[in-house]
Amino acid sequence: MLSIDNELLEVVGAIAAATPQMPAAIGDWQTRRATIDSVYGALAAAAARDDRIEAADFTVPSSGGHAVPLRMYKPTHAPNALVVYVHGGGLIAGSLDGYDHVCRRYASEAGVALIAVDYRLAPESPFPGAVDDCVAAVEWAIRHAAEHAPGARVAIMGDSAGGGLAAATALVCRDRQIGPLAAQILVYPMLDDRTAIADSAIEPFLAWSVADNITGWQAYLGERYGTDEVPASASVARADSLHDMPSAYLEVGQLDLFCAETVTYAERLMEHGVAVHLSVRPGAIHGFDQFAPGSGLARHAFADRVAFLQSL
1 MLSIDNELLE VVGAIAAATP QMPAAIGDWQ TRRATIDSVY GALAAAAARD
51 DRIEAADFTV PSSGGHAVPL RMYKPTHAPN ALVVYVHGGG LIAGSLDGYD
101 HVCRRYASEA GVALIAVDYR LAPESPFPGA VDDCVAAVEW AIRHAAEHAP
151 GARVAIMGDS AGGGLAAATA LVCRDRQIGP LAAQILVYPM LDDRTAIADS
201 AIEPFLAWSV ADNITGWQAY LGERYGTDEV PASASVARAD SLHDMPSAYL
251 EVGQLDLFCA ETVTYAERLM EHGVAVHLSV RPGAIHGFDQ FAPGSGLARH
301 AFADRVAFLQ SL
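Those letters in the sequence shown? Residues 1 to 312, per the UniProt record's numbering, in order.
See the structure below:
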């Protein structure tokens with residue numbers, strides 16, 4: 001029988017009691033954005049700040065004359081890799097500040113230099129704004145890697161919507177021959193606009209619901225939503241071929257809306273000859289590590305991600 005991890009249940013219950021609930025109505029991205037940013041802000045405020053990391057903000061040019069803000073995190077010792085990080089938020093929310101503590105922790109514990117991308121959000125900037133910004137960040141990272149992590153390889157990483165954008169960016173980089181990227185690290189990624197629950201038994205546990213997911217994809221895809229006109233560079237699960245994609249680390253909770261699509265994507269990558277590490281966490285909901293970073297479940301997951309980053 002499916003059940004949520006006990007440590008996680010206690011923490012999530014307290015967070016749910018203290019924060020506004022996501023709206024039930026599909027399409028209400030404004031309320032969802034406010035709720036997501038409120039939760040991320042509270043989690044960031046409660047997190048310990050790692051001041052051993054140097055951080056600097058700058059911008060790089062992207063499509064349409066847009067200057068995309070980036071934040072570089074560097075450990076005090078020589079980094080072993082340069083990682084472009086893409087934050088979550090359902091394609092409609094999230095920010096550099098909301099993920100500052102997350103990025104500092106990865107840079108410190110894994111010993112990597114990390115570049116966080118403040119990509120354009122939907123619906124104000126629908127596809128391809130966000131993925132264009134991520135590609136621009138990767139291009140900059142590849143050109144300047146030797147300055148910040150001599151001899152290091154460049155990888156891309158993201159969680160939730162950021163995981164989906166990271167995967168789409170890797171696909172675009174392959175098609176445009178940008179790179180090569182050393183790896184893609186996808187944490188409970190949002191990969192498929194054709195929202196579906198493979199097992200209805202998980203529905204009571206969904207921290208990111210079907211209505212939430214449809215709202216995010218509609219905002220991002222606009223008139224293309226629900227049609228066959230959605231390109232793989234927007235929804236990477238639609239890609240015909242995954243040959244020559246970078247090696248992948250994929251992780252998802254068993255009680256996550258994205259569980260089935262993550263497993264399917266991992267299987268497809270393997271079918272196309274890509275090296276894959278896949279972890280499905282029993283008892284884990286979407287965002288489990290953000291909600292309860294001190295839980296055993298989150299600590300084990302973080303250790304696995306750090307080990308993979310260090311292997312670069």
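Even glycine gets a Cβ: it sits at the ideal position worked out from N, Cα and C.
Checklist entry - Would DSSP call phenylalanine 58 helix, strand or coil? => result Position 58 of the sequence shown, counted from the first residue, corresponds to residue 58. Phenylalanine 58: strand per DSSP, three-state reduction.
Checklist entry - Terminal residues of the continuous alpha helix (DSSP H) containing glutamate 109? => result Within the sequence shown, numbered from 1, the residue matching residue 109 stands at position 109. 100–110 is the span of the alpha helix (DSSP H), which, as asked, contains glutamate 109.
Checklist entry - Which class does serine 95 belong to by DSSP, given the choice of helix, strand or coil? => result Within the sequence shown, the letter at position 95 stands for residue 95. DSSP, read as helix, strand or coil, puts serine 95 in coil.
Next on the checklist: Taking the alpha carbon of aspartate 132 as the reference point, which residue from Ala45, Glu229, Asp100, Ser63 has its own alpha carbon closest?
Outcome noted: Counting from one through the sequence shown, the residue named residue 132 turns up at place 132. Ser63 is the residue among Ala45, Glu229, Asp100, Ser63 whose C-alpha sits nearest the C-alpha of aspartate 132.
Checklist entry - Rounded to a whole number of angstroms, what is the C-alpha to C-alpha distance between arginine 305 and glycine 287? => result Sequence index remark: in the sequence shown, residue 305 carries index 305 (1-based). Sequence index remark: in the sequence shown, residue 287 carries index 287 (1-based). Arginine 305 and glycine 287 have their alpha carbons spaced roughly 15 Å apart.
Next on the checklist: I'd like the list of long-range same chain contacts for alanine 161, defined as Cβ closer than 6 Å, with 5 residues on each side in sequence excluded.
Outcome noted: Reading the sequence shown from its first residue, position 161 is the one you call residue 161. Here the set comprises Gly88, Gly89, Gly90, Leu91, Met190.
Item to check | Reduced DSSP category for leucine 191 - H, G, I as helix; E, B as strand; rest coil | outcome: As a position in the sequence shown, residue 191 is number 191, starting the count at 1. In the three-state reduction of the DSSP assignment, leucine 191 falls in the coil class.
Checklist entry - To the nearest angstrom, how far is it from the Cα of arginine 224 to the Cα of phenylalanine 258? => result Against the sequence shown, residue 224 aligns to sequence position 224. Against the sequence shown, residue 258 aligns to sequence position 258. Straight-line Cα distance between these residues: approximately 21 Å.
Checklist entry - How about serine 235 and valine 172: do their beta carbons lie closer than 8 Å? => result Taking the sequence shown and counting its residues from 1, the one referred to as residue 235 is at position 235. Taking the sequence shown and counting its residues from 1, the one referred to as residue 172 is at position 172. Cβ atoms of serine 235 and valine 172: not closer than 8 Å.
Next on the checklist: Which residues does DSSP list as the beta-bridge partners of histidine 277?
Outcome noted: Within the sequence shown, residue 277 is the residue found at index 277, counting from 1. DSSP output for histidine 277 lists Tyr249 as bridge partner(s).
Item to check | glycine 41, enclosing alpha helix (DSSP H) - first and last residue | outcome: Translated into positions along the sequence shown, residue 41 becomes position 41. Glycine 41 -> alpha helix (DSSP H) spans 29–46.
Checklist entry - By a C-beta neighbour count over all protein chains shown, 10 Å radius and 16 as the cutoff for buried, is proline 75 buried or exposed? => result For the purposes of this step, residue 75 is taken as the residue at position 75 of the sequence shown. The residue is buried, with at least 16 neighbouring Cβ atoms inside 10 Å.
Item to check | N-terminal and C-terminal residue of the alpha helix (DSSP H) that methionine 1 is part of | outcome: Counted from its first residue, the sequence shown places residue 1 at position 1. Here methionine 1 belongs to no alpha helix (DSSP H), and DSSP marks it neither H nor E.
Item to check | Nearest-angstrom Cβ-Cβ length linking lysine 195 and arginine 32, presumed shorter than 8 Å | outcome: Within the sequence shown, residue 195 is the residue found at index 195, counting from 1. Within the sequence shown, residue 32 is the residue found at index 32, counting from 1. Contrary to the premise, residue 195 reads as threonine rather than lysine in this sequence. Between threonine 195 and arginine 32 the beta-carbon gap is near 15 Å, outside 8 Å, which marks them as no contact.
Checklist entry - Around the C-beta of asparagine 6, are 16 or more other C-beta atoms found within 10 angstroms, so that it is buried, or is it exposed? => result For the purposes of this step, residue 6 is taken as residue 6 along the sequence shown, with counting starting at 1. Flag for asparagine 6 reads exposed.
Checklist entry - Who pairs with isoleucine 15 in a beta bridge, going by DSSP? => result Along the sequence shown, one-based indexing puts residue 15 at 15. Note: isoleucine 15 sits in no beta bridge, so no partner.
Checklist entry - Contact between the stretch 149–156 and the stretch 100–107: three or more CB pairs below 8 Å? => result In short, these stretches do not touch, since the Cβ pair count stays below three.
Checklist entry - Which of helix, strand or coil does DSSP assign to methionine 270? => result For the purposes of this step, residue 270 is taken as residue 270 along the sequence shown, with counting starting at 1. Here methionine 270 carries a helix assignment [DSSP, helix/strand/coil].
Item to check | Closest Cα partner of threonine 262 within the set Leu206, Glu251, Gly222, Met157 | outcome: Taking the sequence shown and counting its residues from 1, the one referred to as residue 262 is at position 262. For threonine 262, the nearest C-alpha among the options comes from Glu251.
Checklist entry - What are the start and end residues of the beta strand (DSSP E) that includes leucine 121? => result Taking the sequence shown and counting its residues from 1, the one referred to as residue 121 is at position 121. Element bounds for leucine 121: n/a, residue is neither H nor E.
Next on the checklist: Short of 6 Å in beta carbon distance, which residues of its chain neighbour glycine 163, apart from the five on each side in sequence? Order them along the chain.
Outcome noted: Mapped onto the sequence shown, residue 163 falls at position 163. Around glycine 163, the same chain offers Leu186, Val187, Pro189 as residues with beta carbons nearer than 6 Å, after the five sequence neighbours per side are excluded.
Checklist entry - What residue does the beta strand (DSSP E) around valine 68 start on, and which one ends it? => result Position 68 of the sequence shown, counting from 1, holds the residue named residue 68. Unbroken beta strand (DSSP E) run through valine 68: 67–74.
Item to check | Spatial neighbours of alanine 167 in its chain, beta-carbon cut-off 7 Å, leaving aside the 5 residues before and after | outcome: Counting from one through the sequence shown, the residue named residue 167 turns up at place 167. If we look at alanine 167 and ignore the five residues flanking it on each side, its Cβ neighbours are Gln184, Leu186, Pro189, Leu191, Val236.
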